[in-house]
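So in numbering that gives the first Met the number 0, the last one in the sequence shown is 256, and the numbering has no gaps at all. Glycine residues also receive a C-beta, built at the ideal position from the N, C-alpha and C atoms.
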Amino acid sequence: MTKNTMNNFRLDGRLAIVTGGSRGIGFGIAKGLGHAGAAVMISARRPDVGQEAVKLLVEEGIDVRGVWGDVADDAHRIDLVDRAMAWKGRIDVLVNNAGTTVRVPSEQCSLADFDRVIEVNVRSVFAMCQLVGRKMLEAGRGSIVNICSLTSEMSRPTIAAYASSKGAVRQLTRTLGIEWAARGVRVNGIGPGYIETDLTGPMLDNPELKGWVDSRIPMKRWGKPEDLAGAAVFLASAASSYLTGQVLYIDGGFLAG
Ligand SMILES: NC(=O)c1ccc[n+]([C@@H]2O[C@H](COP(=O)([O-])OP(=O)(O)OC[C@H]3O[C@@H](n4cnc5c(N)ncnc54)[C@H](OP(=O)(O)O)[C@@H]3O)[C@@H](O)[C@H]2O)c1
């Protein structure tokens, strides 16, 4: 913490990992952390999309690298953390953003689909928290930001796996938040409202679903990935030094209504 409040938001000299940083919310957050001064390591499965994201972030003046693989793959997660440590010798911020969903009537949802959502959205998040958390606990400092969802608090039909996974991420965030609180590692969450990305593309294309959402957002617009960057910088930085175990919902007022 410095005496100047605004300096506490800066992330100069820090290394941030953003999983799923090649598109959508993860890209918006990676850009925000980079603008605040952090070196950023993004991950995603598709190298072509990832390289394009790296190029765009470099154009923004951000010190960035990419590692490509499936966050559900044990070897990829170890590689990601090893490469971040080899690059800067430290990991200060972890944003667990990569996530997936399946939208299907629950009585028809295959257990394989259910398992995959839980594997990517919960098991991988816990595994990343463990891998990076060990480094942070050793260093006595660090901030983890888990991307939750409105469905960490409420639900809708046909998203049983997704809502279960995001409820679990909220509880994981609380548990690790209190478990590591006295050892310098903070764990918080961001719960995005309805944000325009590839993930929500099918919703935007469905007039019934879109209409339901539109009528319930007090700010009368869907969010953009950039809308989440400020919260990510806040949670990643010393500006939130007394905050842990919390989820900030960035939702245009949705949950308050
Ligand atoms: N959009 C919303 O309204 C909304 C609302 C609440 C919560 N969220 C959450 O926010 C996060 C990001 O969502 P989004 O809307 O930005 O999604 P998106 O546009 O589909 O982007 C997902 C990102 O994660 C990567 N990714 C997906 N699966 C992966 C895997 N198994 N391993 C590694 N990388 C993977 C994707 O790249 P590749 O495809 O190349 O792997 C991409 O970079 C998710 O956790 C989602 O649940 C989104």
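query = Quick one: is the Cβ of I216 within less than 7 Å of any heavy atom of ligand 1?
reply = The sequence position of residue 216 within the sequence shown is 217, counting from 1. No; taking the cut-off as 7 Å, the Cβ of I216 has no heavy atom of ligand 1 nearer than that.
ask   = Is R133 buried or exposed, if buried means 16 or more other CB atoms sit within 10 Å of its CB?
value = Counted from its first residue, the sequence shown places residue 133 at position 134. Its Cβ having fewer than 16 others within 10 Å, R133 is exposed.
ask   = Would you call the CB atoms of L149 and F253 closer than 8 Å?
value = Here residue 149 refers to the residue found at position 150 of the sequence shown. Here residue 253 refers to the residue found at position 254 of the sequence shown. Contact flag set, yes.
query = According to DSSP, is P104 helix, strand or coil?
reply = Taking the sequence shown and counting its residues from 1, the one referred to as residue 104 is at position 105. The DSSP-derived three-state label of P104 is coil.
query = With 16 other CB atoms within 10 Å as the buried threshold, where does N145 fall?
reply = Translated into positions along the sequence shown, residue 145 becomes position 146. Buried: at least 16 other Cβ atoms inside 10 Å.
inquiry  = So within the region 35-78, which uninterrupted beta strand (DSSP E) runs reach at least 3 residues, ignoring any that extend past its ends?
reply    = Entirely contained in the region 35-78, the beta strand (DSSP E) runs reaching 3 residues are, in chain order, 38-43, 63-67.
task = Look up A15 in the DSSP assignment and give the residues it is bridged to.
result = Taking the first residue of the sequence shown as 1, we reach residue 15 at position 16. DSSP output for A15 lists V39, V92 as bridge partner(s).
Nearest residue (CA-CA) to A85, options S123, L14, V48 = The residue you call residue 85 lines up with position 86 of the sequence shown. Nearest of S123, L14, V48 to A85, Cα basis: L14.
query = To which residues does DSSP link R185 through a beta bridge?
reply = For this step, residue 185 is matched to residue 186 along the sequence shown. Looking at the DSSP output, R185 sits in a beta bridge with S142.
query = How do the region 206-226 and the region 169-179 stand: do at least 3 beta-carbon pairs fall below 8 Å, yes or no?
reply = Under the 8 Å Cβ criterion, the region 206-226 does not count as touching the region 169-179, having fewer than three qualifying pairs.
query = Do you know how far the Cα of Q107 is from the Cα of G257?
reply = Any property of residue 257 remains undetermined from this structure, which presents the chain solely from 0 to 256.
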